[in-house]
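What follows is a single structure, written as structure tokens, with notes after it.
Residue numbers (the numbering used here): 235 to 601.
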């Protein structure tokens, strides 16, 4: 793999993370090789684990042992997941140490069925964090309205959080406010805030998919000209919000106590439209103190022919114009965000349920 991933971090301050995990990555040494090439963290989600566990026999021995030791299929699922997460955390441990805790994180998501129940999400997030008990783990919590108090509470307890499924600027601001509020609540008790890290995962390609469909319905040349521009425009506006939130008197008080900013993380960065360049959502979103978590195929494409240059805060005025003009062509960005959040949560629940159903069947076949 080329030096492009390393350059993206060294020259432009963006951390490339891998958006995938399967046991063979660890046992074959592939994950270590990816880290050597410049990958600086890893994210997982229920869909990733569904593909990993159902797509290979790497998990069969452990699953069988768990079931024969009296575990339910659901308990066995979490044991499979936590083993992969712990093993990946170990592979990333040196990077976590050498980066002084900036990178080297592995993210694992709470049960997606709890996304609309903030109290149960908090209980599950604490339990997952306690079971793993590693300083470079991030617990993923969906950015639903119900999840915001859980996010703030987790931060106030000194736990690392990856806030996922963000689709709107308004919700992104609420997520950052929850992070800052959690730090303040911890600091007022005289507790250390210097070791806490968090990322806010803004989903990209799904925004273009949805808005492009609406622009196609309008069909005018002006509307069609906006296709493929909405997601990048929103991300650039989000980065401007990030810069504003993590500056000024309120933030400076926390910074003086050693607090780290909550970095924006660009997720869902493979292009779904084949007419768009395969590295579009990496090339156009590079900038200081950001993360891009990248599916393996897109990661390879970027390493081969990506264009690493500072781009996230370029042409912000044009991004504002794109975002404002969408309503003229029948696009309500708030409706889009609500729909994408519902679909995102539903998609993860579907993957989770399908996998657990398959594990139930496998457990039954063991007699």
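Where a beta carbon is used, it is the ideal one built from N, C-alpha and C, also for glycine.
field: Among 429, 436 and 393, the one whose alpha carbon lies nearest that of residue 408
entry: 436
message: For residue 351, tell me which candidate among 579, 528, 368 and 406 has the shortest Cα-Cα distance.
response: 579
- request: For the beta strand (DSSP E) containing residue 397, list its first residue and its last residue.
  value: 395–400
- request: Pull up the DSSP beta-bridge partners for residue 251, would you.
  value: 527
message: DSSP three-state label for residue 495, please.
response: coil
field: residue 191 in three-state terms, based on DSSP
entry: No information on residue 191 is available, as it lies outside the stretch 235 to 601 that the chain covers here.
- prompt: So what does residue 373 bridge to, in DSSP terms?
  reply: Per DSSP, 342 and 395.
Straight-line Cα distance separating residue 242 from residue 248: 6 Å
task: Go ahead and label residue 274 buried or exposed: buried means 16 or more other beta carbons lie within 10 angstroms of its beta carbon, across all protein chains shown.
output: Buried, by the Cβ-count rule.
- prompt: In this structure, does DSSP put residue 553 in helix, strand or coil?
  reply: helix
- request: May I ask you to report which of helix, strand or coil DSSP gives residue 436?
  value: Taken through DSSP and simplified to helix, strand or coil, residue 436 comes out as strand.
field: Reduced DSSP category for residue 349 - H, G, I as helix; E, B as strand; rest coil
entry: coil
query: Between residue 606 and residue 500, what straight-line distance do the alpha-carbon atoms span, to the nearest angstrom?
result: Since the first residue of the chain shown is 235 and the last is 601, residue 606 is not available in this structure.
message: Suppose contacts are defined by Cβ-Cβ distances below 8 Å. Is residue 277 in contact with residue 396 by that definition?
response: Less than 8 Å separates the beta-carbon of residue 277 from that of residue 396.
- prompt: Looking at C-alpha atoms only, which residue of 415, 374, 359 and 369 is the closest neighbour of residue 338?
  reply: Measuring C-alpha to C-alpha distances from residue 338 to each of 415, 374, 359 and 369 identifies 369 as the nearest.
task: Grab the span of the beta strand (DSSP E) containing residue 632 for me, first residue to last.
output: The displayed coordinates of the chain run from 235 to 601. Any statement about residue 632 would go beyond what the structure contains.
task: Reducing DSSP to helix, strand and coil, say where residue 501 ends up.
output: strand
field: residue 571 and residue 402 closer than 8 Å at C-beta
entry: yes
task: Could you check if residue 439 is buried or exposed, using at least 16 other CB atoms within 10 Å of its CB as the buried criterion?
output: buried
message: If the criterion is Cβ atoms closer than 8 Å, does the pair residue 529 and residue 254 meet it?
response: The beta carbons of residue 529 and residue 254 sit closer together than 8 Å.
- request: Return yes when the Cβ of residue 419 is within less than 8 Å of the Cβ of residue 390, no when it is not.
  value: yes
- prompt: When the distance is taken between beta carbons, is residue 386 closer than 8 Å to residue 415?
  reply: Contact flag set, yes.
task: State whether the segment 351–361 contacts the segment 320–328, with contact taken as three or more CB pairs (one from each stretch) at a distance under 8 Å.
output: no
query: What's the call for residue 548, buried or exposed, on a 16-neighbour Cβ count within 10 Å?
result: exposed
Coarse secondary structure for residue 415, derived from DSSP in three states: Helix.
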